[in-house]
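Chemist:
Protein chains: 2
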Amino acid sequence: MTNIRDIARESGYSVSTVSRVLNHKKYVSPAVRDHIEQVMQQLNYVPNAVARDLSSGHTKTIGVALAMVAHPYYTTLVKGITEAAFEEGYQVTLLPTDYDAKLERRYLEQLRQHAFDGLIFTSHSMPISEIAAAQAFGPVVVCQDPGSVTIPAAFTDRQASYHEAFAWIKQAGYQRIGLMLPRDPKVSATASAMVQAYTNVIGAAPAADLTWIGSMAYADGRKAGAFFAANGADFVFANGDDIAMGVHDYYQQNHLPLPGLMGQENQVSSALLGISTIDHHFHAVGRAALALATGAKTGQIKIASDFIARP
Amino acid sequence: MTNIRDIARESGYSVSTVSRVLNHKKYVSPAVRDHIEQVMQQLNYVPNAVARDLSSGHTKTIGVALAMVAHPYYTTLVKGITEAAFEEGYQVTLLPTDYDAKLERRYLEQLRQHAFDGLIFTSHSMPISEIAAAQAFGPVVVCQDPGSVTIPAAFTDRQASYHEAFAWIKQAGYQRIGLMLPRDPKVSATASAMVQAYTNVIGAAPAADLTWIGSMAYADGRKAGAFFAANGADFVFANGDDIAMGVHDYYQQNHLPLPGLMGQENQVSSALLGISTIDHHFHAVGRAALALATGAKTGQIKIASDFIARP
DNA sequence: GTAAAGTGTGGGACGCGTTTCAGGTCAAGA
DNA sequence: TCTTGACCTGAAACGCGTCCCACACTTTAC
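From first to last, the protein sequence lines stand for chains A and B. Counting in the numbering used here, the first sequence runs from 860 upward without gaps. Counting in the numbering used here, the second sequence runs from 860 upward without gaps.
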């Protein structure tokens, strides 16, 4: 591999001048520029990206920690992040966590080692306080409401739309309202937000026989369908449109009368089923998160979510 | 930022010894090791990842060029890639192309500059011959059948399942079989494979009034539905389950008699509609592509796809 | 006419870890 | 006793650009 010093020697100019040519800077006479460019061509010279990063002190890369790679929540978020990153000249590195705090810590350590310029946690299993402490290593962004913890965050304001959604359910006269949560509300901010809204609006916390914990995809919806059917739910509020569809299918295939249904994420499936859903605008959240990670914006960015009622 | 030389000076040992401690190498006496570790602790030392990459000559990063970030084909592929990468100690950087050959070239240039150790094209708009030529820059992998071009490739053997699918359609007695293609078959290998199978099995190339070009997602399916309804198709073979669902919805909402339908990708939606589909096993393709990009495997890896018939 | 400003180049330090090679010590085996 | 080899440590080169500073010369500007 030929390097910048080879070019300098071969062309008869200094490394500084070659560097100037390389970076299209001023103060190089046209003749010299041409000559050096020719030599670079001849020696098939390519500047080394890693050396550049080392020298410049940044990588123009943002790490994105995500629990699941192929899941609509993460996919949409990543799309927003990637899109904004591209516009800003950053690249995005995917860091799978599988909800493992150990892995999350490993990625924070990488941030500390300057492997990337910033780190976005699309979800996190570590305590938020620990993540906040890691800001000493570099820009860290979370995608959930950090509460009183001081840390850059981009997230949807779920409460407003959750309240709206439950009010809608209540008004429709449903009595036994089932709730599907992605994970235990003790560890999942999303789940606890749903429980809280349920409790506030309906007037009581969801009963155990109306609460399903651990739903990520369609197949979970089918399993949950059996659970809710057995427990006589007349409404099921799922944590995703595909999941709601799973519930729907269970009832239908077993020729049971369908309960009321509501999903989240505003995917194709809820439109198909004609059920209500909530659009959390994760794409916008992703864009905001990227802006925070690069330092283009600071503080906390709350994005409104929309309750989409369908009769 | 304190560096390895600071540690050497402060501890009274040489840089080499500190490096040995850092990398848990043999030939450091326990006492010295302890002492140096203590100094590193005190000075809050963290090795610089970029300097390491520069020195070691690799980044342990694989670039993944993809046309669309939030699309089931790419998502599934990326999941397979990421999963395998994690196991092998590699990281994955997402490189959005939006089907733009210019961007693809830019990423090849980055490979040349050693920004990553390998590059996977999940799809490509550049001519394959040009990509093959770029192998001089480093490992480049494509995810489509490269034909006679010599380049590492991981892809699904679509022909077998496409043939099976069309044979199934033919046997069912359909006469006006509509075909939905993601892009122009002149530029898309996937599209041309579909056209070829259609032609072989049905006995004639798909007519213009039965061919829809440019379908990526559900919404395109709805548009195509109008097209096929107007042209009297009695069957529609879509290039995705969600797309097929779009077609289905168009017919249903306009109270038209449903045509036969078939999708691809074996997603939730085809199961819901009870229509046939093809599972291309993109997850496995992704894993194979990663193995090729790291050099763990070589050559071309063809993965069988499955035709899933549903009455 | 002379100071100020702009232009063109080079030297060399800096960012930072890895690795090769040399030199020295000490104990086990012949 | 001599050899061999494992063990410990250091000097310095290497991977490769970037950037500040100095120096020299040429234009403007007043």
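Note that CB positions come from ideal geometry on N, CA and C, so glycine has one too.
How about B/Val909: is its C-beta nearer than 8 Å to some C-beta of chain A?
Modeler: Here residue 909 of chain B refers to the residue found at position 50 of the second sequence. Judged by the 8 Å Cβ criterion, B/Val909 is in contact with chain A.
Chemist: Identify whether A/Leu1115 lies in helix, strand or coil by the three-state DSSP scheme.
Modeler: For the purposes of this step, residue 1115 of chain A is taken as residue 256 along the first sequence, with counting starting at 1. Coil, per DSSP.
Chemist: Alpha carbons only, please: which of B/Val1000, B/Gly1006, B/Phe1086, B/Gln1030 is nearest the one belonging to B/Met1039?
Modeler: Here residue 1039 of chain B is taken as the residue at index 180 of the second sequence, counted from 1. Checking every option, the nearest Cα to that of B/Met1039 belongs to B/Phe1086.
Chemist: For a quick check, are the C-beta atoms of A/Ile1167 and A/Ala1147 less than 8 Å apart?
Modeler: The sequence position of residue 1167 of chain A within the first sequence is 308, counting from 1. The sequence position of residue 1147 of chain A within the first sequence is 288, counting from 1. Not a contact, by the Cβ cut-off of 8 Å.
Chemist: Return helix, strand or coil for B/Thr876, following the three-state DSSP convention.
Modeler: Here the question's residue 876 of chain B lines up with position 17 in the second sequence. B/Thr876: helix per DSSP, three-state reduction.
Chemist: Could you say if the segment 1115-1122 of chain B and the segment 1130-1143 of chain B meet the contact criterion of at least three C-beta pairs nearer than 8 Å?
Modeler: These segments touch.
Chemist: Does B/Ile973 get closer than 8 Å to chain A when you measure Cβ to Cβ?
Modeler: For the purposes of this step, residue 973 of chain B is taken as the residue at position 114 of the second sequence. With the sequence shown as reference, residue 973 of chain B is identified as His, and Ile is not the correct amino acid for it. Closer than 8 Å to some Cβ of chain A, the Cβ of B/His973 qualifies, so yes.
Chemist: Go ahead and pull the three-state DSSP assignment for A/Ala1063.
Modeler: For this step, residue 1063 of chain A is matched to residue 204 along the first sequence. Coil, per DSSP.
Chemist: What runs of the alpha helix (DSSP H), each 4 residues or longer, lie entirely inside the segment 978-1024 of chain B?
Modeler: Listed in chain order, they are 987-992.
Chemist: In the segment 914-950 of chain A, which residue ranges form an unbroken alpha helix (DSSP H) of at least 4 residues, counting only runs that do not cross its ends?
Modeler: If we require 4 residues or more, the alpha helix (DSSP H) runs fully inside the segment 914-950 of chain A come out as 931-947.
Chemist: With burial defined as no fewer than 16 other Cβ atoms inside 10 Å of the residue's Cβ, what is the status of B/Val880: buried or exposed?
Modeler: Taking the second sequence and counting its residues from 1, one reaches residue 880 of chain B at position 21. The residue is buried, with at least 16 neighbouring Cβ atoms inside 10 Å.
Chemist: Rank A/Tyr1077, A/Pro1044, A/Gly1091 by C-alpha distance to the C-alpha of A/Ala1064 and give the top, closest one.
Modeler: Translated into positions along the first sequence, residue 1064 of chain A becomes position 205. Checking every option, the nearest Cα to that of A/Ala1064 belongs to A/Pro1044.
Chemist: Please classify A/Tyr886 as buried or exposed, where buried requires at least 16 neighbouring CB atoms within 10 angstroms.
Modeler: Along the first sequence, one-based indexing puts residue 886 of chain A at 27. Looking at its Cβ environment, which holds fewer than 16 other Cβ atoms inside 10 Å, A/Tyr886 is exposed.
Chemist: Step through the CB atoms of chain A and report whether any lies within less than 8 Å of the CB of B/Gln969.
Modeler: Here residue 969 of chain B is taken as the residue at index 110 of the second sequence, counted from 1. At least one chain A Cβ lies under 8 Å of B/Gln969.
Chemist: Could you check which residue in A/Ile1036, A/Ile1160, A/Ser1074 has the C-alpha nearest to that of A/Gly1006?
Modeler: As a first step, residue 1006 of chain A must be located in the first sequence, where it is residue number 147. Per the Cα distances, A/Ile1160.
Chemist: Should A/Thr952 and B/Thr941 be called a contact, given that it needs their Cβ atoms to be closer than 8 Å?
Modeler: Residue 952 of chain A sits at position 93 when you count from the first residue of the first sequence. Residue 941 of chain B sits at position 82 when you count from the first residue of the second sequence. Their beta carbons are not under 8 Å apart, which means A/Thr952 does not touch B/Thr941 by this criterion.
Chemist: Taking a Cβ distance cut-off of 7 Å, strictly less, list which residues of the segment 935-953 of chain A are near chain B, in chain order.
Modeler: Result list: Thr935, Val937, Lys938, Thr941, Phe945, Gln950, Val951, Thr952, Leu953.
Chemist: By the DSSP assignment, the beta strand (DSSP E) with A/Gly820 in it spans what residues?
Modeler: What is shown of chain A runs 860 to 1170, which leaves residue 820 of chain A out entirely.
Chemist: Quick one: what's B/Phe1094 bridged to in DSSP?
Modeler: For the purposes of this step, residue 1094 of chain B is taken as residue 235 along the second sequence, with counting starting at 1. B/Ile1036, B/Gly1119.
Chemist: Quick check on B/Phe1086: does DSSP put it in helix, strand or coil?
Modeler: Within the second sequence, the letter at position 227 stands for residue 1086 of chain B. In this structure, B/Phe1086 counts as helix in the three-state DSSP scheme.
Chemist: Which of the three DSSP states is assigned to B/Ala974 in this structure?
Modeler: Locating residue 974 of chain B in the second sequence gives position 115, where the first residue counts as 1. Looking at B/Ala974 - three-state DSSP - the assignment turns out to be coil, as it is neither helix nor strand.
Chemist: Using CA atoms only, rank isn't needed, just tell me which of A/Glu1023, A/Gln994, A/Gly1080, A/Arg1042 is closest to A/Ile1061.
Modeler: The residue you call residue 1061 of chain A lines up with position 202 of the first sequence. Comparing Cα positions, the closest option is A/Glu1023.
Chemist: Would you mind stating whether A/Tyr966 and A/Ser984 have Cβ atoms separated by less than 8 Å?
Modeler: Numbered from 1 along the first sequence, position 107 holds the residue referred to as residue 966 of chain A. Numbered from 1 along the first sequence, position 125 holds the residue referred to as residue 984 of chain A. No; because the gap between Cβ atoms is not below 8 Å, this pair is not in contact.
Chemist: What is the rounded straight-line gap between the Cα of A/Ile1028 and the Cα of A/Phe1094?
Modeler: Taking the first sequence and counting its residues from 1, one reaches residue 1028 of chain A at position 169. Taking the first sequence and counting its residues from 1, one reaches residue 1094 of chain A at position 235. Each residue's Cα considered, the two are about 8 Å apart.
Chemist: Starting from B/Ile1137, follow the beta strand (DSSP E) in both directions and report where the run begins and ends.
Modeler: Start at 1 with the first residue of the second sequence, and residue 1137 of chain B comes out as number 278. Counting along the chain, the beta strand (DSSP E) containing B/Ile1137 begins and ends at 1136-1138.
Chemist: Mind checking A/Glu946: buried by the 16 CB within 10 Å criterion, or exposed?
Modeler: Position 87 of the first sequence holds residue 946 of chain A. So A/Glu946 ends up on the exposed side.
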